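Student:
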Ligand SMILES: Nc1ncnc2c1ncn2[C@@H]1O[C@H](COP(=O)(O)OP(=O)(O)OP(=O)(O)O)[C@@H](O)[C@H]1O
Ligand SMILES: [Mg+2]
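Numbering (our numbering), first residue to last: 37 to 324.
#1: Suppose you measure from the CA of residue 41 to the CA of residue 161; what does that come to, to the nearest Å?
#2: Helix, strand or coil for residue 228? Go by DSSP, reduced to three states.
#3: Would you report the Cα separation of residue 239 and residue 281, rounded to the nearest angstrom?
#4: By Cβ distance, which residues of its chain are closer than 7 Å to residue 5, with the 5 residues on each side in sequence left out?
#5: Buried or exposed for residue 133, please, with buried defined as at least 16 other CB atoms from any protein chain shown within 10 angstroms of its CB.
#6: Taking the continuous beta strand (DSSP E) assigned at residue 65, which residues delimit it?
#7: Using a threshold of 6 Å, is the CB atom of residue 123 nearer than that to any non-hydrogen atom of ligand 2?
#8: Cα separation between residue 157 and residue 124?
#9: Check whether the Cβ of residue 90 sits closer than 6 Å to any heavy atom of ligand 2, and report yes or no.
#10: If I follow the unbroken beta strand (DSSP E) through residue 256, where does it start and stop?
#11: Can the beta-carbon of residue 56 be found less than 7 Å from the beta-carbon of residue 318?
#12: Would residue 136 be called buried (16 or more neighbouring beta carbons within 10 Å of its own) or exposed?
#13: Helix or strand or just coil, what does DSSP make of residue 288?
#14: Just checking my contact of residue 260 with residue 324 at CB under 8 Å: how many whole Å lie between their CB atoms?
#15: In terms of alpha-carbon separation, which member of 83, 74, 46 lies closest to residue 60?
#16: Considering only the alpha carbon of each residue, which of 212, 209, 257 lies closest to residue 298?
#17: Where does the unbroken alpha helix (DSSP H) through residue 317 begin, and where does it stop?
#18: Buried or exposed for residue 248, going by 16 or more other Cβ atoms inside 10 Å?
#19: Within the present structure, is the beta-carbon of residue 51 separated from the nearest heavy atom of ligand 2 by less than 6 Å?
#20: Within 10 angstroms of the Cβ of residue 78, are there 16 or more other Cβ atoms? Answer buried if so, exposed if not.
#21: Kindly indicate which residue of 291, 58, 215 has the alpha-carbon position closest to the one of residue 90.
#22: If you draw a straight line from the C-alpha of residue 188 to the C-alpha of residue 141, how long is it?
#23: What do you get for residue 96, buried or exposed, if any count of 16 or more other CB atoms within 10 angstroms of its CB means buried?
#24: What's the C-alpha gap between residue 150 and residue 48?
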């Protein structure tokens with residue numbers, strides 16, 4: 037199984053290109069979205085049979101997370117403490133960043149449970165800020181492993197007084213999480229590629245620089261960049277020609293800013309690339 041993460045600024049074409057990539061990869065393919073906005077099915081309303089579309093849903097995730105946390109806590113806490121825990125969980129629901137944590141949980145589950153079921157997984161991420169929030173929850177593999185070790189210690193402690201059925205249940209939940217994080221870290225390390233998507237303009241270039249810097253900080257390597265919505269160089273329209281010139285200047289800047297990366301350019305299509313047939317035009321160009 038190979039995993040491709042597409043990331044970048046809002047509106048650059050992450051969802052569109054994730055669908056286009058899914059269409060060219062060897063099947064079976066899982067096309068996952070971590071974006072709370074439900075857009076995969078809008079871009080690819082007619083997926084072929086070998087592509088499974090899945091939109092991760094932070095709300096559903098919150099419900100299951102709440103259930104698990106309370107079940108886990110009820111193994112240790114008194115009635116009074118449990119009530120306080122419940123109000124804490126309610127405030128957790130409103131905490132900033134909680135969606136990222138929940139989506140991350142769901143993502144680790146999808147990737148580890150489906151390991152082996154799919155030949156390729158394409159992950160369409162939300163705009164950069166969100167994606168970085170997501171990655172911050174992982175930080176880097178080192179932090180992840182520290183967390184795993186912490187969990188292991190908790191497991192050891194629990195084991196020493198795991199007598200009741202509830203304690204056993206709690207132990208099971210922690211063990212599952214521990215194993216899942218370890219497996220996820222291995223998948224990210226060994227079988228994943230992060231593909232930043234950008235458009236040839238100043239703001240997108242600046243954001244991509246920041247994105248790559250952050251990815252480096254998280255220990256994630258990038259080999260290829262995808263520059264989308266490139267206009268044809270020559271045209272009868274002076275307005276379009278001027279825009280194309282400006283884009284050309286940014287494409288050169290992009291190549292200079294990232295000299296060791298492969299840069300793939302994707303043309304701006306005349307018609308919105310929605311649906312299988314139009315997306316195939318873009319698929320053919322995504323030679324990674
Ligand atoms: N190469 C292209 N040619 C023409 N239109 C395109 C191209 N790529 C994307 N688009 C159009 O640009 C718009 C934004 O694309 P898309 O939704 O894929 O971006 P996104 O990065 O996923 O956005 P968001 O950050 O909101 O999730 C859509 O209308 C899409 O059809
Ligand atoms: Mg999108």
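Quick reminder that beta carbons are idealized off the backbone N, C-alpha and C, glycines included.
All values reported here derive from a predicted model rather than from experimental measurement.
Tutor: This is what the structure gives:
#1: 7 Å
#2: strand
#3: 17 Å
#4: As displayed, the chain neither begins before 37 nor continues past 324, which places residue 5 out of reach and without an answer.
#5: exposed
#6: 65-69
#7: no
#8: 36 Å
#9: no
#10: Per DSSP, residue 256 belongs to no beta strand (DSSP E) and is neither H nor E.
#11: yes
#12: buried
#13: helix
#14: 6 Å
#15: 83
#16: 257
#17: 312-319
#18: buried
#19: yes
#20: exposed
#21: 58
#22: 18 Å
#23: exposed
#24: 29 Å
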